[in-house]
Amino acid sequence: MTPLKYLNAYPSQLQDQVRRLLAEQRLGDYLHKRYPGRHTVQSDKALYAYTMELKQQYLRNAPGIDKVLYDSKLDVVRNALGLHTAVSRVQGGKLKAKKEIRVAALFREAAPEFLQMIVVHELAHLREFDHNKAFYQLCEHMLPGYHQLEFDLRVYLTWREQAAG
Numbered sequence: 783m784t785p786l787k788y789l790n791a792y793p794s795q796l797q798d799q800v801r802r803l804l805a806e807q808r809l810g811d812y813l814h815k816r817y818p819g820r821h822t823v824q825s826d827k828a829l830y831a832y833t834m835e836l837k838q839q840y841l842r843n844a845p846g847i848d849k850v851l852y853d854s855k856l857d858v859v860r861n862a863l864g865l866h867t868a869v870s871r872v873q874g875g876k877l878k879a880k881k882e883i884r885v886a887a888l889f890r891e892a893a894p895e896f897l898q899m900i901v902v903h904e905l906a907h908l909r910e911f912d913h914n915k916a917f918y919q920l921c922e923h924m925l926p927g928y929h930q931l932e933f934d935l936r937v938y939l940t941w942r943e944q945a946a947g
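The numbering of the sequence shown is our numbering, which starts it at 783 and goes up by one.
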């Protein structure tokens, strides 16, 4: 049985369904029917505006974000679909921290639901650093159906990897 690295934490019956669709070469059709659209957030400037709009809607009191960008160096193989960082620098005699969100560049071509899921996930880290119950509750609050989208995104990554290989 072929291991599905993006889905290894899910029940074997779900993995078997994905394997069957892969073997029948129907997974791409399934994903296209479920997520037919492509978003228009193509530039880093547009991604910043998109992220700030979501932040303003759900996390007004969370710390500010200094930078949001697509990053072609994020390695989806190691499950880094997005990244939130706090970069600290000494300027003069002061320590300045800048918060950044980076989204894997492959999401420029993804369905709008997948981009929203990644941005919501990274925004949730402004409040909850760990992937705990409160973190996932916050994700679900900002994006109802978050868990299904996360699963479907992992299915999409599995399909994308198989199509490339």
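The C-beta atom is built at its ideal place from N, Cα and C for all residues, glycine as well.
Take Leu931, set aside five residues on each side of it, and the residues of its chain with a beta-carbon closer than 6 Å to its own are Glu895 and Met899, in chain order. As DSSP reads the structure, Gln873 sits in a beta bridge with Lys876. In this structure, the beta-carbon distance from Tyr817 to Tyr938 falls below 9 Å. In this structure, the straight-line span from the alpha carbon of Glu943 to that of Arg936 is close to 11 Å. Nearest in C-alpha terms to Glu882, of all of Leu905, Ala892 and Val800, is Leu905.
The residues Lys880 and Glu882, in chain order, have a CB closer than 7 Å to that of Lys849 in the same chain once the five nearest residues on each side in sequence are set aside. Considering only Tyr788, Thr784, Asn790 and Leu829, the residue with the shortest C-alpha distance to Arg801 is Thr784. The DSSP-derived three-state label of Ser854 is coil. Counting along the chain, the unbroken alpha helix (DSSP H) around Gln898 starts and ends at Pro894 to Ala906. Cβ neighbours of Leu851 within its own chain (closer than 7 Å, five residues either side excluded): Asp826, Leu829 and Arg884. For the pair Ala945 and Gly810, the CB atoms are nearer than the 9 Å cut-off. Judged by their CB atoms, Ala892 and Asp853 are not nearer to each other than the 9 Å cut-off. For Asp912, there is no enclosing alpha helix (DSSP H), as DSSP gives it neither H nor E. With a threshold of 16 other beta carbon atoms within 10 Å, Lys837 meets it and is buried.
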